[in-house]
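Residue numbers 284 to 481, in the working numbering, belong to the letters of the sequence shown in order.
Glycine included, each C-beta is placed from N, C-alpha and C at the ideal position.
To start, the structure itself, in C-alpha cells.
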Amino acid sequence: MFKLEENVICECSKALLLALGQKDEYTQLHSERVVELSSEVGIALKFDVEQIKILRISAAFHDIGKIGIPDKVLLKSSSFNDKEWEIMKNHSINSERLVNSLHFENSNIIANAVRHHHEYYDGNGYPDKLKGEDISIYSRIISIADSYDAMSSPRPYHNKKSHSEIMKILEEENGMKYDPIIFEVFRKIIQISHYKVE
Ligand SMILES: [Fe+2]
284 MFKLEENVIC ECSKALLLAL GQKDEYTQLH SERVVELSSE VGIALKFDVE QIKILRISAA
344 FHDIGKIGIP DKVLLKSSSF NDKEWEIMKN HSINSERLVN SLHFENSNII ANAVRHHHEY
404 YDGNGYPDKL KGEDISIYSR IISIADSYDA MSSPRPYHNK KSHSEIMKIL EEENGMKYDP
464 IIFEVFRKII QISHYKVE
C-alpha cells in the first residue's frame, strides 16, 4: 500500500472529481461543498487531523461511483422509475470499489464511509440497512451535509429550497435518517457556515 502525502491524496481526489465533473458537473461541485460542510461538523466534534483527513477524502469520494451510472439515468431530468432508482442506488457500492482500488492510507475506513453514506440511523437506508452507531461516524456526518447541500441546489426535478425549508425537512427526518447528536452539532454550525443558504 502506498503511503501518500496529504497533498498528493488531495490532488488525486481533485483529479477524480474533475473526471466525474466532466460527466456530471453538478455532482462534482456538490461533492466539493459536502467536503467543506462535513469538515465544519468534524471540527465542531473536535476531530483530530487524521480524522479530518479521512472525513474530507470520504466526502470528496462519496458519490464518485456515479461515474459508473449510465448517463440516461444519472442525467435524467425527471424522477426515477423503480428500475432507474435501483441502478442509482448502486453508486455507493461503486464508490467503495473505486476507493478500494486506490490503496490510500486508511482506504479501508474511507471505502467503508462512502459505502454507507446513504444508510439511515433507523436502519432503513441502503445498501446494508445498518443502524445507529453501526454506521461509520464519517458516513453519518456526510449524510446530513449531503442532504442539506442537495436541497439547497436547484435540480431539474426540484427547485432550490431556502434554509428554513431545508431545516424543517431535516428536523422531520432527524432520528430516522440522521444521528440526533450529529444533527444538533450541524444545527449550530450551519448558522455560521459559509454554505448556509438564504
Ligand atoms: Fe450519494
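Asked, Found
"Beta-carbon spacing of Tyr421, Lys460 below 8 Å", "no"
"Reduced DSSP secondary structure (H/G/I, E/B, other) of His446", "helix"
"Simplified DSSP assignment, three categories, for Asn407", "coil"
"Stretch-stretch touch, CB-based, cutoff 8 Å, three pairs: the segment 405-413 with the segment 322-332", "no"
"C-alpha distance - Gln334 paired with Ile424, whole-angstrom precision", "12 Å"
"Straight-line gap, His374 to His386 (C-alpha atoms, nearest Å)", "19 Å"
"Sequence-distant residues of the same chain with beta carbon closer than 6 Å to Ala433, five excluded per side", "none"
"Neighbourhood of ligand 1 [Cβ distance below 7 Å to any heavy atom], ordered by chain position", "His345, Asp346, His374, Ser375, His400, His401 and Asp429"
"Arg339 - partner residues in DSSP beta bridges", "Partner(s): none; Arg339 has no beta bridge."
"Unbroken alpha helix (DSSP H) run spanning Asp331, endpoints", "Premise fails: Asp331 is in no alpha helix (DSSP H) and is neither H nor E."
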